DNA sequence: TTTTGAGTTGTTCGA
DNA sequence: GTCGAACAACTCAAA
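In the working numbering, the protein residues as written are 8 to 472.
Listed below in structure tokens is the structure:
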């Protein structure tokens with residue numbers, strides 16, 4: 008009997024899984040294994056929040072496997088050694104896995120491939136970074152031509168269905184899945200493939216059609232909320248892109264079509280940053296643009312701590328950081344505002360912010376997170392106009408017009424009138440007394456003056472850029 | 001090889 | 001309140 012190992016990494020799903028499909032095609036016995044890799048678990052880029060989400064996802068996957076006659080085998084240790092052992096124990100002759108793009112994952116897989124029959128299949132992105140090159144072979148570094156190329160490629164077929172049954176496993180030792188108490192216990196992001204598929208279906212049925220108008224509104228649920236699920240492959244990139252194309256085909260008018268198209272564009276951005284990290288792995292450590300590697304960032308631990316705690320005195324920034332603390336997720340617009348504040352207003356190294364987001368975001372993905380931070384810092388792949396500095400008051404007025412987002416995450420501002428909700432320090436003393444919110448006591452005074460901080464940032468960027 | 005048009009998501013200022 | 005221009009120069013992609 009032919010035995011294969013299905014090595015699960017960031018593809019915690021049974022549907023549209025090319026590695027699983029290939030394993031089942033190749034072998035009559037398939038062993039699903041997840042390896043807890045100390046090299047990853049001890050990384051400064053992972054924290055308890057995402058680890059908890061991963062473990063919950065493994066529980067869900069195990070349950071899905073058991074319903075189909077199989078089960079998840081969990082092991083811990085160096086992946087090469089673990090796979091060696093498992094091959095000996097099970098007599099497996101081949102290993103199938105979804106190819107990953109992070110530098111660590113690629114080094115790990117190269118190492119395994121030298122000693123074991125590892126087959127890598129695509130799936131993290133719809134189109135692999137290898138095929139997305141310019142005519143003369145070099146990788147794209149500008150999004151728009153990249154996206155034109157992406158759209159010109161034939162869509163690689165419809166998503167695969169989940170197998171109805173999997174082979175019953177021989178007796179193999181497995182660890183229990185560790186339990187990390189989720190915070191909060193009733194997370195707005197329950198892990199697992201069925202939840203992911205339910206969300207995608209619901210988003211593609213309704214929300215996507217208003218996505219172009221609503222996606223920037225922090226006070227609405229106008230986004231897909233799929234990022235944690237895409238991060239761990241509880242839904243595949245191809246399933247998401249396929250759903251976007253379906254929605255576009257079913258759109259009833261231009262606005263609806265625009266919604267579907269805009270969301271697909273976001274998925275292409277995800278693929279763009281995956282390709283950037285694949286082709287330029289140094290971006291994890293250095294600015295993409297060499298001219299901007301020499302900025303002398305401020306060493307300001309107290310300011311950084313205030314940012315982390317959501318105590319900067321700028322309501323939208325603080326709401327974003329507290330949403331992160333409380334849910335492990337931040338609305339995309341709020342991410343940009345909070346990131347811009349750390350980099351441009353506080354002049355703190357974007358890599359500190361990047362690391363903090365990686366530690367706390369459920370969707371923390373090395374490629375997308377790095378790309379986002381470098382975009383805000385202006386050190387990344389785009390034209391990077393040095394004058395792009397978000398104004399937290401203006402952004403609040405535009406994208407949280409009644410202050411509902413701020414009040415949800417910064418409860419001490421609940422009673423502040425709408426006119427002051429994005430600049431509460433402007434409340435006259437009698438208003439502060441009337442609403443019972445004293446600036447400097449109940450809520451911090453602004454950490455910096457935005458207008459001054461903006462000038463400071465523009466000057467520094469002007470010199471370096 | 002040279003040339004040309006373009007480049008996610010911003011803000012401020014003055015008319 | 002709204003609108004367009006200015007905010008630098010540079011690099012990329014493609015013809």
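Where is the CB? At the ideal position from N, CA and C, for every residue including glycine.
All values reported here derive from a predicted model rather than from experimental measurement.
Per-residue DSSP class, three states only, for residue i
| i | result |
| --- | --- |
| residue 452 | coil |
| residue 10 | strand |
| residue 37 | strand |
| residue 117 | helix |
| residue 350 | helix |
| residue 278 | helix |
| residue 58 | helix |
| residue 159 | helix |
| residue 398 | coil |
| residue 404 | helix |
| residue 364 | helix |
| residue 478 | Any question about residue 478 goes unanswered here, given that the chain covers just 8 to 472. |
| residue 101 | strand |
| residue 20 | coil |
| residue 81 | strand |
| residue 127 | strand |
| residue 292 | coil |
Contact belief for residue i with residue j at Cβ below 8 Å, rounded distance in angstroms
| i | j | result |
| --- | --- | --- |
| residue 157 | residue 128 | Not a contact, Cβ separation roughly 19 Å. |
| residue 331 | residue 60 | About 14 Å; that fails the 8 Å criterion. |
| residue 104 | residue 26 | 5 Å |
| residue 352 | residue 457 | 6 Å |
| residue 45 | residue 79 | About 19 Å; that fails the 8 Å criterion. |
| residue 130 | residue 234 | The Cβ separation is near 17 Å, so there is no contact. |
| residue 136 | residue 282 | 4 Å |
| residue 381 | residue 315 | Contact flag wrong, Cβ pair sits at about 20 Å. |
| residue 383 | residue 461 | Residue 383 to residue 461, Cβ: 14 Å. No contact. |
Residue i Cβ short of 8 Å to the ligand NAP heavy atom set
| i | result |
| --- | --- |
| residue 91 | The ligand NAP is absent from the structure shown, which contains no ligands of any kind. |
Distance CB(residue i)-CB(residue j) smaller than 9 Å
| i | j | result |
| --- | --- | --- |
| residue 18 | residue 239 | yes |
| residue 341 | residue 225 | yes |
| residue 65 | residue 90 | no |
| residue 294 | residue 300 | yes |
| residue 162 | residue 389 | no |
| residue 14 | residue 108 | no |
| residue 53 | residue 365 | yes |
| residue 355 | residue 304 | yes |
| residue 255 | residue 264 | yes |
| residue 183 | residue 218 | no |
| residue 220 | residue 67 | no |
| residue 428 | residue 447 | no |
| residue 298 | residue 246 | no |
| residue 465 | residue 394 | yes |
| residue 23 | residue 125 | no |
Contacting residues, own chain, Cβ-Cβ under 7 Å from residue i (five flanking each side not counted)
| i | result |
| --- | --- |
| residue 223 | 340 and 406 |
| residue 173 | 37, 72, 75, 76 and 77 |
| residue 21 | 27, 71, 169, 170 and 200 |
| residue 372 | 238 |
| residue 313 | 319 and 454 |
| residue 96 | 179 |
| residue 51 | 362 |
| residue 425 | 409 and 410 |
| residue 378 | 280, 283 and 387 |
| residue 288 | 110 |
Nonlocal neighbours in the same chain, by C-beta distance under 6 Å from residue i, ignoring five residues either side
| i | result |
| --- | --- |
| residue 278 | 132 |
| residue 250 | 207 and 211 |
Between the CA atoms of residue j and residue i - distance to the nearest angstrom
| i | j | result |
| --- | --- | --- |
| residue 275 | residue 154 | 6 Å |
| residue 148 | residue 292 | 18 Å |
| residue 469 | residue 440 | 43 Å |
| residue 185 | residue 62 | 7 Å |
| residue 420 | residue 30 | 55 Å |
| residue 399 | residue 414 | 15 Å |
| residue 99 | residue 43 | 20 Å |
| residue 296 | residue 86 | 35 Å |
| residue 442 | residue 423 | 6 Å |
| residue 451 | residue 248 | 43 Å |
| residue 88 | residue 122 | 10 Å |
| residue 215 | residue 328 | 26 Å |
| residue 1 | residue 432 | Only positions 8 to 472 of the chain appear in the structure, and residue 1 is not among them; the question remains open. |
| residue 57 | residue 336 | 10 Å |
| residue 113 | residue 94 | 21 Å |
| residue 49 | residue 194 | 24 Å |
| residue 262 | residue 230 | 16 Å |
Residues near residue i in its chain [Cβ-Cβ closer than 8 Å; skip 5 each side]
| i | result |
| --- | --- |
| residue 84 | 42, 43, 44 and 45 |
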